[in-house]
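Numbering-wise (the numbering used here), the sequence shown opens with residue 11 and increments by one.
Positions of the beta carbon are idealized from the N, C-alpha and C atoms, including for glycine.
Comments concern the structure below.
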Amino acid sequence: MRGRKSDQSSNSPPENRGRLYVISGPSGVGKDAVLARIRLLDRPFYFTITATTRRIRPGEENGVDYIFLDRRKFKQMIKAGDLLEWAEVYGNLYGVPKSQVIEAQMRGCDVIMKVDVQGAATIKKLMPEATLIFLEPPDISALKRRLRIRNTESEHEFRLKLEVARDEMKEAGRFDHVVVNHDDGIDAAADAIDQIIRDYAEGRLPVDQKSPR
11 MRGRKSDQSS NSPPENRGRL YVISGPSGVG KDAVLARIRL LDRPFYFTIT
61 ATTRRIRPGE ENGVDYIFLD RRKFKQMIKA GDLLEWAEVY GNLYGVPKSQ
111 VIEAQMRGCD VIMKVDVQGA ATIKKLMPEA TLIFLEPPDI SALKRRLRIR
161 NTESEHEFRL KLEVARDEMK EAGRFDHVVV NHDDGIDAAA DAIDQIIRDY
211 AEGRLPVDQK SPR
């Protein structure tokens, strides 16, 4: 089941606010790995931490990788309007706390947010000035391999994610930029995203220009 809601009542940050960059792509494409590499670049970005009801995976840390909540607490946040956007994906709830984005932008920080493809569309409607970056695999076979190697899904979940991924990859053209994450290409993908951000900061890239694929 997939659902999407948003709260459009957020306060407007000041004129010198940081820019919002939304990173999205199919499950298994390597979003977490690429974002981890961007963190190592030691650039002054603020990375949002997504709240979720899914189970914690080996190696993950609460409050660092995700904010892990039970469904009761998550629904309380929805009711209170504390989430910028939220979704139910593969039976788990995901959402971005509104306060993280607003407070970081008010400090003038560029914000990097990771959401699913449907969520990126919601954010664009809510915040048209946001820059959407689609991270895609070189081909569907590469995505299959990565999901198999990750080995965190049942066979049913694996097939479902592949089916959803095929649909999501058709949406790449709706994004402002597309970056291909090749096998063993995490550094290159991270550098490409960093360069997109640098170009905007230095006024070299019009808002409607898409990067070459």
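Asked, Found
"Length of the line joining the Cα atoms of His187 and Asp149", "17 Å"
"Boundaries (first-last residue) of the alpha helix (DSSP H) holding Ile59", "Unbroken run through Ile59: none, as it is neither H nor E."
"Complete beta strand (DSSP E) runs within the region 148-213 (minimum length 3 residues, chain order)", "187-190"
"As assigned by DSSP and simplified to three states, the class of Gly105", "strand"
"Nearest to Phe144 (by Cα), restricted to the options Glu165, Ile66 and Ile203", "Ile203"
"Closer than 8 Å to chain C by CB, Glu165", "Among the chains of the structure shown, chain C does not appear; only one protein chain is present."
"DSSP three-state assignment for Ala43, whether helix, strand or coil", "helix"
"For Arg184 and Gln128, the rounded distance between their alpha carbons", "11 Å"
"Exposure of Gln115, with buried meaning 16 or more beta-carbon neighbours within 10 Å", "buried"
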